[in-house]
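For reference, the structure discussed in these notes is given below.
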Amino acid sequence: MQFYPEDTPQLFEFDRVLDQVEQRCRNGSSRQLARSIHPIEHKEVLLASLRQVEEFRHTLAHQGYFPDLYFDDFISEAQLLGKAGSVLSEAQFSRIRSASITVNSLLRFLKERQVSFPALLKLCAPIKETKAVVDPIDAIIDAQGQVKSTASDTLMEIRGLLSSQRREADKRFRSFINDLKKRGWLRENEENFYNERRVLAVPSEHKRDIRGIIHGKSDTGRTTFIEPEALVELNNSIAELEQDERSEVLRLLRELTDRLRPHSALILAYHDLLTRFDLLRAKAYFALDIGAILPGISDHPSIRLVGALHPLLFLKNKALGKSVIPLNLELDAEKRILIISGPNAGGKSITLKTVGLLQLMLQSGLLVPVKEGSEMGLFRHLLADIGDSQSIEYALSTYSSRLIRMNHFLRMANNRSLVLIDEFGTGTDPELGGAIAEVVLEEINRRKAFGVFTTHYTNIKLLADRLDGVMNASMLFEPETLQPRYQLIVGQPGSSYTFEVAERIGLPEHVLNRAKKKVQKEKLRLNNLLADLHRQKSALEREVAELERRKQRTDVAGQRFEQLSQQLEERMERDKSKREELRKLAELGRKMQSFAEEWEKSKDKKQVIKKFVGNMTAEKKKKAAEHTPEKVAKRKAALLDRLRKEIRVGSSVRMMKSRQVGIVEEIRKNVVFVSFGNLRASVSLENLELVTDPS
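The numbering of the sequence shown is the numbering used here, which starts it at 723 and goes up by one.
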């Protein structure tokens, strides 16, 4: 994406958006990468970047698990490893090991979830899971980040001797301390180290009573530090072994460095990948904080914003506990340029800046705060004229500076350009500036560019109404209070409410009347007409809002009615089932009573039983025959056919189960919409009966 002027991203405060992303990074390298975010030229690269952020965001939004990829920066280690003759320290190897384990875990995680993370997995494609880095380090360095004693036979032998001699030195030293304590020749600090030698802290008056090497005195001179003579040789041996240990450790670290040097490119790739993932994480968290998603991406330049928010304004208001009015706006091949008019402080400029900032964010790989249904195309140029552009360097006036910009716009604009101009045409004589603005608008429109312009000029509003591809819009105001509602209305130019505002702040009536006389009658009439239209629109919107509230209340009441009806039907059905059970039990009781009486009277008991069982079986078969699916369907079809003939729109009907009576409003096949007073419900035709006498 090309800009004019070059500081266009700063005009839209894109740098402040990058500040927000940077604050969410956890590493110096990723923070540096965040500062370098800019529009991505190649479409496929951009789409891949957007999908990566969206996959990360989607997981976080749905509280899904994603590995913690925090890492201690190891770029210096990775770079040092690539230099011949270099030797890495134990701590540096530990950082590289940790990074390799983190990357391997990430690769396994993504491969196991390929369906959920295709874009993130593709980002990792150049790196393969391997133990070629971890295993050599684990063979030499332990979990505490120290070279293992088992790393070589020589080191094991040296450390064995060191351990033995240190124990012997401890034993001898403790013996000296106990002896000198009994004599009262020790300071409180029994043991000290002086120039890396183990010494006794002895009162200076007793220094000649102890055989040994004097290494120094305290600042006051009252304490002398003495290494006992009997320990000098042993301490010398320990010092030599410690030097041998350091030499052997250095040799092992050099060998390990040489062994890993062929993998320096892989380790650099580890750093690059983890840095990118930390930046992706920051982008995803920023998206969550501003309610951003990945909109649909159009193959052609276009903008359809549904519920769009200015991210910085949203964060500011969110911190203050305030809301932001969402923006709905659409630019396409048929309606490419939007001319927004209306009074100052009504939201024109923030609307324009929202469009520009969201386009910058999207084409830089950031998700944007819009709702589902939004769709954005990609533009090659972003041309902007916002704010006071007076040039001190060239001693140009504001208007001259703006004309220079317009000249560049006319040279660059084409069907892949997005032109955003605030206060279009201002800065000079209104009549002359308006004329030039008309020609500029016509030329930009002729070049099929897209754009959002804000203006107060009546001639621009009138021109927008005549030009194909250009449409008027305004910011809604409350006419009675002259308070802005920050809501964009497309298709209607706005009034500046100049005289209304002047009257409200108390400008004398005779002054206002004189001013009105100086205004062209046509312009004043147009302004009054626009103000009237806005008043009518505001009144209409209030009525619509009230109707919507009433509808919601009716819908809630209707839902409650349906719930109660359903509960009543279920209860009646349960009662009916219970009554049927009782009837069956009573019938069975009567049959059993009859069977018992016949049993008592009859001499042929077997015949009585056979007759009873035969009767019960025959009755069961008869009931089963009556309830076959074919007969049930036939009875239902006959019932529906009869009801269709009986029930018409306007008929009084009764619900079979709840016994409620209502009026039929509409019939759709086997579903009837019935009005029960102020409530309306849908009822299956088979659950209704015609009421011949509603009273």
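From the three backbone atoms N, C-alpha and C, an ideal C-beta is built for every residue, glycine too.
Because the structure is a prediction, the values reported are computed rather than measured.
Its chain contains L1100 as the residues whose beta carbon lies nearer than 7 Å to that of K765, once the 5 sequence neighbours on both sides are disregarded; these appear in chain order. Cβ-Cβ separation between V825 and L1060: approximately 48 Å, too far for a contact (criterion under 8 Å).
Secondary structure note for N826: its alpha helix (DSSP H) is the uninterrupted segment E812 to E834. Following the DSSP letters along the chain, one finds K1183 inside the alpha helix (DSSP H) bounded by residues T1180 to R1188. As DSSP reads the structure, S1404 sits in a beta bridge with F1395. Under the DSSP assignment, L1053 falls in the beta strand (DSSP E) whose first and last residues are L1049 to L1053. In this structure N1050 is in contact with L1027, their Cβ atoms being roughly 6 Å apart against a cut-off of 8 Å. As computed with DSSP, T1176 is found in a beta bridge with I1062. Between S822 and V869, the C-beta spacing is not below 8 Å.
Residue environment analysis places G1064 among the buried positions, since at least 16 neighbouring C-beta atoms fall within 10 angstroms of its C-beta. When the beta-carbon positions are compared, P858 and A991 stay at least 8 Å from each other.
Excluding its 5 nearest sequence neighbours in each direction, Q836 has C-beta neighbours in its own chain below 7 Å: L843, listed in chain order. Within the model, the alpha-carbon separation for I762 versus L1001 is close to 16 Å.
S751 has its alpha-carbon roughly 47 Å from the corresponding atom of V921. When secondary structure is reduced to three states using DSSP, Y1208 falls in the strand class.
Sequence-distant partners of H1022 (beyond 5 residues in either direction) whose C-beta falls short of 8 Å from its own C-beta, in its chain, are A1055 and G1099. In the DSSP secondary-structure assignment, Y992 is not bridged to any residue.
Listed in chain order, the alpha helix (DSSP H) runs fully inside the stretch 872-928 are 875-905, counting runs of at least 4 residues. Contact annotation: V1212 and A1186 have beta-carbon atoms that are not nearer than 8 Å. Listed in chain order, the non-local C-beta contacts of A891 below 8 Å within the same chain comprise R920, L953, L956, N957 and I960, local neighbours out to five positions each way being set aside. Runs of the alpha helix (DSSP H) lying entirely within the stretch 947-995, each at least 4 residues long, are 951-982 in chain order.
With the rule of 3 Cβ pairs closer than 8 Å, the stretch 798-814 counts as touching the stretch 967-987. Membership of V775 in any beta strand (DSSP E) is not indicated; the residue belongs instead to the alpha helix (DSSP H) covering K765 to A783.
D1107 counts as buried, since no fewer than 16 other beta carbons sit within 10 angstroms of its beta carbon.
DSSP, read as helix, strand or coil, puts N1194 in strand. Judged by DSSP secondary structure, K844 falls within the alpha helix (DSSP H) whose first and last residues are P840 to L845. Per the Cβ contact rule, the stretch 876-883 is in contact with the stretch 967-982 (3 or more Cβ pairs under 8 Å).
Secondary-structure assignment with DSSP links A1030 through a beta bridge to L1049.
Residue environment for L1361: exposed (fewer than 16 other C-beta atoms within 10 angstroms of its C-beta).
Taking all protein chains in view, the Cβ of A1014 is crowded by 16 or more other Cβ atoms within 10 Å, so the residue is classified as buried.
In this structure, the alpha-carbon of D901 lies about 19 Å from that of F915.
Taking F725 as the centre and dropping the five residues before and after it, the same chain places the C-beta of P731, H1103, L1104, L1105 and A1106 closer than 8 Å to its C-beta, in chain order. Shown here, F736 sits in a helix according to DSSP, grouped into three states. Around the beta carbon of Y792, fewer than 16 other beta carbons lie within 10 angstroms, which makes this residue exposed. Burial of Q1085 is indicated by the presence of at least 16 other C-beta atoms within 10 angstroms of its C-beta.
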